[in-house]
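Beneath this line is the structure, given in structure tokens, with notes to follow.
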Amino acid sequence: MIISVRQGLRGEVEVGTKVRVRGWVRTRRDSKAGLSFIHVSDGSCFDPIQVVAPSTLANYEAEIAKLTSGCSIEAEGTLVASQGKGQAFEIQADAVEVVGTVDDPERYPIQPKAHSLEFLREVAHLRPRTNTFGAVARVRHTMAQAIHRYFHERGFVWVTTPIITASDCEGAGQMFRVSTLDLANLPRTPDGKVDFSQDFFGKEAFLTVSGQLAVEGYCLALSKVYTFGPTFRAENSNTTRHLAEFWMIEPEIAFADLAADADLAEDFLKYVIGAVLTERPDDMKFFADRIEKTAISRLEKVAAERFERIEYAEAIRLLQASGKKFEFPVAWGADLQTEHERYLTEEKIGRPVVVMNYPAEIKAFYMRLNDDEKTVAAMDVLTPGMGEIIGGSQREERLDVLEQRLAAHKLDPEAYSFYLDLRRYGTVPHAGFGLGFERLVAYVTGVGNIRDAIPYPRTPGHAAF
RNA sequence: UCCAGCGUCGCCUAACGGUAAGGCAACCGGCUGUUAACCGGUCUGAUGGAGGUUCGAUCCCUCCCGCUGGAGCCA
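In this note's numbering, the protein residues as written are 126 to 590.
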């Protein structure tokens, strides 16, 4: 029977069974006892399985003894209890078929040795064969599954909001244009502007920067909804936590206020982190051993401890009372800088913090104005090490106030007519938040750079693979 | 986009301005039920690109390209 490496190593297959594994060679060690030990990985779990190939096999000299890292093979044999140390089970091979060889072993980038993450980014198509990126891929998958499961089990409906949007009013950043016009020969209107009426959608179109505004319509019908999909920002950001193309999760709940939103964010994060700890202990152990010492302990802490909740005003007071010298001055009305967030989560409080009720001027138009008329019902979840991982708010559900807020932000109400409709017809208090999936993956795995938390990262100047 | 640093064999790193060194990998051999093994040997490069200073530049200067980190923007 064909088995995965995972099945073989976990004892899911009875000893003595004839099995067949298929995968890629990690290492080969030869023994004078007339054996070769081949570590084979198929990605189904962290560890490779050991295939013991006796030199009596017909193709031993010609093929098996020449296997190098990266070769693909199919091995057939008996699953046995291992005589050696380091693994419980191994495969005593009857046949090892070489499926694909490595043309030039010296040039094969994934050698059985330590590689820098920077180098591996240059071979993004081969890096999933490494311990690190195999583990990241499995953890990422586990997290995606946990996210859908979390929402599904609580009655949320997954809403796939459009990737292409004809409104540039999503208000979250620079957008990528989507067009079928011939850039070398653009149609013009009489006054010389580009005539987008001739474009594919009959108007300007872009890649979405957020599904939030669109999903609110579904929230005000299905009560509990979420988006989980790709998002695009054309910002020239070159940092360890920005991508031009990333995946975002945006739950939106009706009949809910900011406190409920914060509760959801906390419960949600704890669930996803808990799922990774229980479902991927092998990968997490690797991260803790090789990538980031506190990978597991840090997550256990986050899963166990209650998130601190503080008012924005209180955060300002804490920063002012810290006695620290910050590069950016701390004063009510200013946004929290990275250094401020760091101080709060890493030094002062030492665990995740939810900062709530920010000054209205520094936040988006759709966030609900508080009774003090100076702050809005916004919240950021800050984590030690990653900074802002979630940003959310209670939405402004009052038509008149929303119209005032649009005006204050100098936005055209015409462009938001659908959004205003939701306040005209059966409006209810509602709230939601946005979570950058890759930021969470980076946080959970401990990889320092978000470019290592997604299979093929897109950043300014980089769209290879 | 701004600031800082870096760019030397497939990979990682070394080299007071004076003929480019080592480790890993690869290859060959030895040893071993091995396990990112161990031991020995072999091979590999004119130092990101273009100028300049100098008798002479990996090392100094200028510009360009690329990368990394920090910041801004944000998820």
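No residue lacks a Cβ here, since even glycine has one placed at the ideal position from N, Cα and C.
Keep in mind it's a predicted model, so treat the numbers as computed, not measured.
For residue i, which residues of its own chain have a beta-carbon under 6 Å away from its beta-carbon, when the five flanking residues on both sides are left out?
i           : result
residue 574 : 365
residue 321 : 328, 329
residue 505 : 480, 513, 516
residue 457 : 441
residue 212 : 175
residue 476 : 430
residue 180 : 159
residue 526 : 494
On a CA-only basis, which of the options is nearest residue i? Give me that one, please.
i           : options            : result
residue 306 : 323, 315, 290, 291 : 323
residue 170 : 242, 409, 388      : 409
residue 356 : 368, 362, 344, 334 : 334
residue 331 : 300, 403, 145, 402 : 300
residue 166 : 569, 196, 275      : 196
residue 350 : 363, 359, 336, 241 : 336
residue 582 : 187, 193, 243      : 243
residue 415 : 273, 572, 289      : 572
residue 394 : 460, 590, 274, 579 : 274
residue 533 : 557, 556, 499, 546 : 499
residue 303 : 443, 317, 288, 312 : 288
residue 216 : 200, 222, 210, 225 : 200
residue 584 : 413, 360, 433      : 360
So is residue i buried or exposed if we call it buried at 16+ other beta carbons inside 10 Å?
i           : result
residue 327 : exposed
residue 454 : exposed
residue 482 : buried
residue 561 : buried
residue 519 : buried
residue 488 : buried
residue 118 : There is no way to answer for residue 118, as the model of the chain reaches only from 126 to 590.
residue 492 : buried
residue 308 : exposed
residue 126 : exposed
residue 558 : buried
residue 281 : buried
residue 341 : buried
residue 314 : exposed
residue 537 : exposed
residue 549 : exposed
residue 540 : exposed
What residue range is occupied by the uninterrupted beta strand (DSSP E) comprising residue i?
i           : result
residue 205 : 197-206
residue 504 : 500-508
residue 175 : 174-179
residue 495 : Neither: residue 495 is in no beta strand (DSSP E) and is coded neither H nor E.
residue 166 : 160-166
residue 221 : 214-225
residue 587 : Element bounds for residue 587: n/a, residue is neither H nor E.
residue 332 : 330-332
residue 580 : Per DSSP, residue 580 belongs to no beta strand (DSSP E) and is neither H nor E.
residue 155 : 143-156
residue 484 : 478-484
residue 182 : First-last for residue 182: undefined, no H or E at that position.
At what residues does the alpha helix (DSSP H) containing residue i begin and finish?
i           : result
residue 421 : 420-429
residue 246 : 242-246
residue 515 : Segment 512-519 is the beta strand (DSSP E) holding residue 515; no alpha helix (DSSP H) there.
residue 126 : Per DSSP, residue 126 belongs to no alpha helix (DSSP H) and is neither H nor E.
residue 259 : 256-278
residue 346 : 337-347
Got a sec? Which residues, its chain only, sit under 7 Å from residue i by beta carbon, not counting five neighbours each side?
i           : result
residue 234 : 248, 251
residue 563 : 368, 371, 372, 575, 578, 579
residue 463 : 512
Excluding sequence positions up to five away, which residues of its chain have a Cβ less than 8 Å from the Cβ of residue i?
i           : result
residue 424 : 398, 401, 402, 409, 569
residue 256 : 171, 411, 415
residue 427 : 394, 395, 398, 476, 477, 508
residue 555 : 341, 344, 345, 377, 378, 379, 380, 381, 519, 520, 522
residue 267 : 400, 401, 404, 405
Task: the stretch 365-378 / the stretch 227-241 touching (three or more Cβ pairs under 8 Å) - done: no
Task: the stretch 197-208 touching the stretch 127-144, judged by at least three CB pairs closer than 8 Å - done: yes
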